[in-house]
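S.K.:
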Amino acid sequence: LAHWSIPVVAMLALLSASWLLLITGVLALALGSIERNGGRASARAGWMLVVLLVVFLAPIIALVTPTAPPVPVDQPRIGWLMSPITGTMEIVRDRAELGVAARVFPQQARMLVAIGCVGLALLLIARALEVARARDRA
80 LAHWSIPVVA MLALLSASWL LLITGVLALA LGSIERNGGR ASARAGWMLV VLLVVFLAPI
140 IALVTPTAPP VPVDQPRIGW LMSPITGTME IVRDRAELGV AARVFPQQAR MLVAIGCVGL
200 ALLLIARALE VARARDRA
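First residue of the sequence shown? That's 80 in our numbering, and the numbers climb one at a time after it.
#1: Can you look up G117 in the DSSP assignment and give me helix, strand or coil?
#2: Given a cut-off of 9 Å, decide if L132 and G195 are closer than it, judged by their beta-carbon atoms.
#3: Which residue from A205, P138, A109 and R172 puts its Cα closest to that of P151?
#4: Excluding the five sequence neighbours on either side, which residues of its own chain have a C-beta within less than 8 Å of the C-beta of V130, listed in chain order?
#5: Compare the C-alpha of E209 against each of S97, M90 and G111 and name the closest.
#6: Going along the chain, which residues of its own chain have a beta-carbon closer than 6 Å to the beta-carbon of P155, five neighbours each way excluded?
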C-alpha cells in the first residue's frame, strides 16, 4: 500500500517498542510515587503532567521555536524521534528523491535503542525502589 520496505516497518516497530518502554518506566515510577504519597490527587495530577510532557514536549518545542533550515531527504531528523508522534512522521518521511517511499538510517535505530534503554533504566529504578520499600516495611 505505502511501498514501505521491511526495514521501515521494523523501524516503526522499534519506535513503538522504545516508546512503550519509556512510558512504562515513567508510569512505574509514578505508581510507586503515588503509593508513597498516599494517593493524593496532586501527586496523580503531577505525574499525569509528566507523562504528557514526555510525549508532547518535543512537538511543542518545535512549534514555538523559529523554523530551522530544512533537512535534506538523505539525512534523518533525529530530533523528531523524541516523540512517538513526530517519530512516526520521520520514519515514513517521503524520500522519493532517493528512489524509495521511505528509508531508515542507522542514526534512527541508535536513537530509538537509546530511548528504549532509558525506559528500561526507569523500570529498573522503579523496581529497586519497590524492593527497598518492601524491605523497610518488613
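The beta carbon of each residue, even a glycine, is placed where N, CA and C say it ideally should be.
M.R.: To lay it out plainly:
#1: In this structure, DSSP gives G117 a state outside helix and strand, which the three-state scheme calls coil.
#2: No, the pair does not count as a contact, with Cβ atoms beyond the cut-off.
#3: Among A205, P138, A109 and R172, the Cα nearest to that of P151 belongs to R172.
#4: Taking V130 as the centre and dropping the five residues before and after it, the same chain places the C-beta of I102, V105, L106 and A109 closer than 8 Å to its C-beta, in chain order.
#5: It is G111 whose Cα lies nearest to the Cα of E209.
#6: Beyond the five residues adjoining it in sequence on each side, P155 comes within less than 6 Å, by CB distance, of F184, Q186 and Q187 in the same chain, given in chain order.
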